[in-house]
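J.: Those protein sequence lines, which keep their order, are chains L and S. Per the working numbering, the very first residue in the first sequence carries number 1; after that it's consecutive. Per the working numbering, the very first residue in the second sequence carries number 519; after that it's consecutive. Built from N, CA and C at the ideal position, the CB exists for glycine as well. Structure incoming, see below.
2 protein chains.
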Amino acid sequence: MSDDSTTARRARGADRRARPKQPGALARQMPWRRLANPYRPMEIVSADELEAIHLASLEILERIGVAVQSERARGLCKRAGCEIRPDGVRVRFPREIVLAAIAAAPASFEMTARDPLRNVTVGGNALVFTPVSSAPNCSDIVGGRRPGTHKDFADLIKLGQAFNVFHMLAGYPVEPIDIPVPVRHLQAVRTMIALSDKIPRIYSHSVQRVRDVLEIVRLSHDVSAEEFRTAHRCMTVINTNSPLQLDQPMVDGIIEMAEHNQPTVVTPFTLAGAMAPVTLAGALAQQNAEALSALAIAQLARPGAPVVYGAFTTAVNMRTGAPTFGTPEYAKSAIISGQLARRYRLPYRSSGIATGNAPDAQSTTESMMSTWSAIAGGVNLLHHAAGWLEGGLTASYEKLIIDVEALQMFASFLVPEVVDKETLAVDAIEAVGPGGHFFASPHTLARYETAFYQPILADWRNYETWRQDGAQDATQRAHKIAMETIAAFEPPALDPARREAIDSFIAKRTEEGGAPVN
Amino acid sequence: MSDDSTTARRARGADRRARPKQPGALARQMPWRRLANPYRPMEIVSADELEAIHLASLEILERIGVAVQSERARGLCKRAGCEIRPDGVRVRFPREIVLAAIAAAPASFEMTARDPLRNVTVGGNALVFTPVSSAPNCSDIVGGRRPGTHKDFADLIKLGQAFNVFHMLAGYPVEPIDIPVPVRHLQAVRTMIALSDKIPRIYSHSVQRVRDVLEIVRLSHDVSAEEFRTAHRCMTVINTNSPLQLDQPMVDGIIEMAEHNQPTVVTPFTLAGAMAPVTLAGALAQQNAEALSALAIAQLARPGAPVVYGAFTTAVNMRTGAPTFGTPEYAKSAIISGQLARRYRLPYRSSGIATGNAPDAQSTTESMMSTWSAIAGGVNLLHHAAGWLEGGLTASYEKLIIDVEALQMFASFLVPEVVDKETLAVDAIEAVGPGGHFFASPHTLARYETAFYQPILADWRNYETWRQDGAQDATQRAHKIAMETIAAFEPPALDPARREAIDSFIAKRTEEGGAPVN
């Protein structure tokens, strides 16, 4: 024998026999469980280089400052000792103020769902996956690409609920443009809560909308306003308006969430070459400065407020100015950002994202590049972990399923291998002996049913069987799994009294006109 | 602004303008260069657990032994102090003999090509990629799946030569079944040498074939037999016949290569649940025992012979007995095997392989899982790094191109980011200021042309442009790139005198009947 494939060929010969039809993807998927990453995070810059990025960001905060477009936020900064000059908007942050503020943030916190089984930890070595969010369009290979509607919104929420590998919801999977804007936040969150018992992510579009949504989440938990603030029950994500600007709705959202003791992820939008320097070190220094400024404001609003260090730094396509994701620059940025977050003992958020337009080998390569670098880099909260296409312009039904498989494989990879006398199996190896096989070994028979990862999408049948059965590629099979999962969906329990309370509140707020567009 | 995609959307708007047609993939590819992995290898078992695997494998070698099907090899073992019992075939290896033997192997060695520009390092932190090899079939999406022929063999060699990200050839990319077996090795190696100046991998099918091929390689270097042995000019890969057997052609090949001072990769075929225990720890202990036995024999034949620790341990599909690749078990095995290889200070070989039947999102996910775990795990020699499908039964033209893109991205990821005053760019950030942009910054203009990775396959155009241009998915585009590359292929220089010497030798050996089938 002189080649790897000789034995592979021989082994695959056994595959020619017929086998029973596979059960549905949901029957085969992993059970719900919290994840932890037990492995040492990868580091690709030295301690000195990390310190240089840190010091550059402090210099940016002190010498250049950040334009903070909120009087309320500037008031907090001023009281803490920041100077606001020269225009009454630009806040100069002395380093000791920033560092003292963020030192108050928790390294890890628990999130409370309405069903305690859905609680999750954010930070430490815990790992949380969420599906795609905030895409204006959605697509599937039969229905094509289209602007989001309430129906697609609901169908994608169903997928987010149905697959156990998602630990939280991720906001609007697609924008439901058929719901009028003043009441969109009300209807959208109602649908999220009706279809999922996983912790929701909400939007910081304005103080009024944040308050409306927090009220709906409160009603879904059936707790008093006072009790609501004793636990972290939903999360928001805000981007900085790079370079070096904090917009009013966003920074007010940070403060509102902090005052309600609800977590905020701060994610600077530092696109290298466009909104940030073309060099990754510079873009990361700017990312870090922007993140620290917003995280400090959250802590000034409420010391100890739960926050997450978010990173999104990537390169742009220098021909077009559009961002690229899943590239080598993105992978490096994901790993260095993890080093930065850990330097401040903060939970770290990254994303499993892609540039490609189709649920194909390109976008899959890109998402895998994004996801593995985030996981190797010690990510705690992986947003857009499944279903994202076109740099975030489309939520793809098929890509979501393709990515669920990858996420399940990562979840399995993160279960440490047991190395002990039983698993080392020297006695079993002796019993089988040279030239034997392990199929019938008692050591195998006692373990084989649960020994290995079982896929939901991958087709492990041999070529001939696969071809006879229609030769469907992974994208076609993913379509079928998505549609079957939606068709078989059953919503989780929701106490009718809570549902009625939510409906009454929404009816009242709708009658009041909702939250008018500015 | 409250969501990641808002800015992405805005930024991608700029992409709507027309842009020039892209040049060919070859014009855009990375230049040829050697790779190094500067990052600390990932470790997923503790030092104690690694030691437990090591000790279990020594116990296997001592207590159970390995069936060595070669009198020549058993003679070497016996002279070194091994016992051969009870059947005259089973060699019991005392641990001190094994450990002393492999301690003589080099941690790293240089390979010499006929053109010194193609020399590579194997070991240390050097990283070498090779394309798919040893598939019985090949496929492309137009021509379909078919048994290999000399034409496909040549076309796939052309791709291996044309893409700079491949540092060596990988043996027969597909089996050329239209060449009669007795002269197949002669014709195949002639084609490899005519079409590529990269270092070839040869096969250890029998002593006669190994000698024929070494002679052709010698003639291609135009050196004496004595001088030939002063450098490492080709490589072979051998599998153990798991469990715990070393077949004669293979073990004689190890000795033949060692005596010629040519490198051998030893790769046990330890499929967990079939040819090895169903537990990964046990399969790795067996892998390690088998690898150490064969590597020790190479060192007994010639102390200091260049060898590589190969790993291939993976799970089988317990429904069919067929191996699965790119799974969580495979990823763990790739990383733990790297830890084992480094424990013995040996170069480490892994593979970038997949289970799927089509060049689609499944096989791409699987290959990415295999490749990143190998690279994170400190691999030195990544075989089958592009083009492998169906667990090795098919070499796919499109998958090869899909994987070239991923390999180029990994190569770019492995270039450490420069962190210094210039790249931290605080002055540029100050000059742009809050709310500005970096497109026109002198800091950007001085760097943008070479700042970021440029893809060969990924289409970064926006959805509308991509759709208007035919909405081709990555697999369709990969097909086009593969066929264009083959059509435009120009063979490397080969001194006519060397070519004539090779042809004369092959004519003589063909007249003698080649190497008859046993």
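1. Identify, in the order they occur along the chain, each residue of the same chain with its Cβ nearer than 7 angstroms to the Cβ of Glu432 of chain L, setting aside the five sequence neighbours on each side.
2. Could you name the residues of the same chain whose beta carbon sits closer than 8 angstroms to that of Arg527 of chain S, not counting the 5 residues immediately before and after it, in chain order?
3. Below 8 angstroms between beta carbons: does that hold for Leu300 of chain L and Ala107 of chain L?
4. Looking only at its own chain, which residues have a Cβ that is under 6 angstroms from the Cβ of Val735 of chain S, when we skip the five neighbours before and after it?
5. Where do the N-terminal and C-terminal ends of the beta strand (DSSP E) with His383 of chain L fall, by residue?
6. How many angstroms separate the CA atom of Ala618 of chain S from the CA atom of Gln926 of chain S?
7. CB Thr240 of chain L to CB Pro268 of chain L, shorter than 8 angstroms?
8. Taking 8 angstroms as the cut-off, decide whether the C-beta atoms of Leu381 of chain L and Arg349 of chain L are in contact.
9. Determine which residues share a DSSP beta bridge with Tyr309 of chain L and list them.
10. Quick one: Cα of Tyr971 of chain S to Cα of Thr324 of chain L, how far?
11. I'd like to know if Gly856 of chain S contacts chain L, where contact means its C-beta is closer than 8 angstroms to some C-beta of that chain.
12. I'd like to know if Gly666 of chain S contacts chain L, where contact means its C-beta is closer than 8 angstroms to some C-beta of that chain.
13. Please report the residue range of the beta strand (DSSP E) in which Ile238 of chain L lies.
14. Applying the criterion that 16 or more other CB atoms from any shown protein chain within 10 Å of the CB defines a buried residue, is Val307 of chain L buried or exposed?
15. Can you find a CB in chain S that lies within less than 8 angstroms of the CB of Val266 of chain L?
16. Rounded to a whole number of angstroms, what is the C-alpha to C-alpha distance between Glu908 of chain S and Thr709 of chain S?
17. Shortest alpha-carbon distance to Ala162 of chain L belongs to which of L:Pro277, L:Met30 and L:Ser373?
18. Given this structure, state the Cα-to-Cα distance separating Met368 of chain L from Thr130 of chain L, to the nearest angstrom.
19. Around the Cβ of Thr394 of chain L, are there at least 16 other Cβ atoms within 10 angstroms (buried) or fewer (exposed)?
20. Which stretch, first to last residue, makes up the beta strand (DSSP E) that contains Asp140 of chain L?
21. Who are the near neighbours of Val783 of chain S in its chain, counting only those whose CB is closer than 6 angstroms to its CB and skipping five residues on each side?
22. Are the C-beta of Lys332 of chain L and some C-beta of chain S separated by less than 8 angstroms?
23. Taking 8 angstroms as the cut-off, decide whether the C-beta atoms of Ala793 of chain S and Pro761 of chain S are in contact.
24. Helix, strand or coil: how does DSSP classify Leu645 of chain S here?
25. With Ser108 of chain L as the anchor, note down where its beta strand (DSSP E) starts and where it stops.
26. Where does Asn820 of chain S sit, in a helix, a strand or coil, going by DSSP?
27. Look at the Cβ atom of Gln726 of chain S, then the Cβ atom of Ala1033 of chain S, and state whether they are nearer than 8 angstroms.
28. Considering Cα atoms alone, identify which of S:Phe830, S:Val933 and S:Ala623 is closest to Lys332 of chain L.
29. Per DSSP, Trp32 of chain L forms a beta bridge with which residues?
30. DSSP three-state call for Leu1012 of chain S: helix, strand or coil?
31. Count the other CB atoms, across all protein chains shown, that sit within 10 Å of the CB of Val517 of chain L; report buried if there are 16 or more and exposed otherwise.
32. When the distance is taken between beta carbons, is Thr883 of chain S closer than 8 angstroms to Thr371 of chain L?
33. What are the start and end residues of the beta strand (DSSP E) that includes Ala395 of chain L?
34. When Cβ atoms are compared, which residues of the stretch 616-645 of chain S fall closer than 8 angstroms to chain L?
35. What are the boundary residues of the beta strand (DSSP E) that Gly144 of chain L is part of?
36. For Thr748 of chain S, count neighbouring Cβ atoms within 10 angstroms of its own Cβ and tell me buried if that reaches 16, exposed if not.
T.: Per the coordinate set shown:
1. Residue 432 of chain L is actually Val in this sequence, not Glu. Answer for Val432 of chain L: Phe438 and Ser441, listed in chain order.
2. Unreliable placement is indicated for Arg527 of chain S, whose pLDDT of 49 sits below 50; the coordinate value is still reported in the next sentence. Once the five neighbours on either side are set aside, Arg527 of chain S has no close Cβ partner at all.
3. no
4. Arg751 and Cys752
5. Leu381 to His383
6. 39 angstroms
7. yes
8. yes
9. L:Val266 and L:Tyr348
10. 10 angstroms
11. no
12. no
13. Met235 to Asn239
14. buried
15. no
16. 26 angstroms
17. L:Met30
18. 15 angstroms
19. buried
20. Asn137 to Asp140
21. Val755, Val826, Gly828 and Arg867
22. yes
23. In the sequence as presented, Ala is not what sits at residue 793 of chain S; that position holds Met. Result yes, Cβ atoms of Met793 of chain S and Pro761 of chain S sit closer than 8 angstroms.
24. strand
25. Ser108 to Met111
26. In the sequence under discussion, the amino acid at residue 820 of chain S is Arg, which differs from the Asn named in the question. Reduced to three states, the DSSP call for Arg820 of chain S is coil.
27. yes
28. S:Val933
29. According to DSSP, which records beta bridges pairwise, Trp32 of chain L is partnered with nothing at all.
30. coil
31. exposed
32. no
33. Thr394 to Ser396
34. none
35. Gly144 to Pro147
36. exposed
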